[in-house]
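If you want the working numbering, it's the 1-based position in the sequence shown plus 99.
Below you'll find the structure, written out as structure tokens, and then a few comments.
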Amino acid sequence: VQLQASGGGLVQAGGSLRLSCAASGVIGSIYIMGWYRQAPGKQRELVAVITSSDMTVYSNSVKGRFTISRGNAKNTVYLQMNSAKPEDTAVYYCNAEIRYSGSSTTYWGQGTQVTVSS
100 VQLQASGGGL VQAGGSLRLS CAASGVIGSI YIMGWYRQAP GKQRELVAVI TSSDMTVYSN
160 SVKGRFTISR GNAKNTVYLQ MNSAKPEDTA VYYCNAEIRY SGSSTTYWGQ GTQVTVSS
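Structure, rendered in structure tokens:
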């Protein structure tokens with residue numbers, strides 16, 4: 100399984116950015132996909148996740164500003180980042196939990212840098 104993330108870059112505070120992540124080579128079903136981020140010197144933290152039934156969970160720090168969604172094929176996840184803040188600066192990682200034959204495995208993408216300038 101490979102998770103290919105894209106869409107990171109530099110944005111000014113208050114601006115918008117859209118991250119995409121596509122999963123390939125999946126055998127089984129994708130139960131949950133999401134985004135985590137890690138800022139320099141900090142632990143990786145949850146940003147937002149979405150389940151196969153389209154239930155969503157957001158961290159309090161992004162609630163109301165970011166929106167997570169899945170593509171029609173359900174193997175792609177997007178993160179629409181609006182009203183970006185400098186504290187959103189981090190490497191963003193795509194994550195997927197895949198279930199197959201009674202077990203589940205978590206996969207991570209390579210990360211994409213998001214920098215929000217003040």
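From the three backbone atoms N, C-alpha and C, an ideal C-beta is built for every residue, glycine too.
Just so you know, these numbers come straight off a predicted model, no measurement behind them.
Other residues of its chain near residue i: CB distance less than 7 Å, five sequence neighbours each side excluded
| i | result |
| --- | --- |
| ALA121 | GLN103, ASN174 and THR175 |
| GLY106 | LEU116, ARG117, LEU118, SER119 and THR211 |
Contacting residues, own chain, Cβ-Cβ under 8 Å from residue i (five flanking each side not counted)
| i | result |
| --- | --- |
| ARG169 | MET132, ILE149, ASP153, THR175, VAL176 and TYR177 |
Proximity of residue i and residue j at Cβ, strictly below 8 Å
| i | j | result |
| --- | --- | --- |
| ALA147 | VAL161 | yes |
| TYR130 | SER151 | yes |
| GLU196 | SER203 | yes |
| SER158 | PRO185 | no |
Whole-angstrom distance between residue j and residue i, CA atom to CA atom
| i | j | result |
| --- | --- | --- |
| ALA189 | THR205 | 21 Å |
Per-residue DSSP class, three states only, for residue i
| i | result |
| --- | --- |
| SER115 | coil |
| VAL125 | coil |
| GLY107 | coil |
Cβ shell of residue i (< 6 Å), same chain only, five flanking positions each side left out
| i | result |
| --- | --- |
| VAL110 | LEU116, ALA183 and VAL215 |
Ranges of the alpha helix (DSSP H) found wholly within the stretch 134 to 216, counting only runs of at least 4: none
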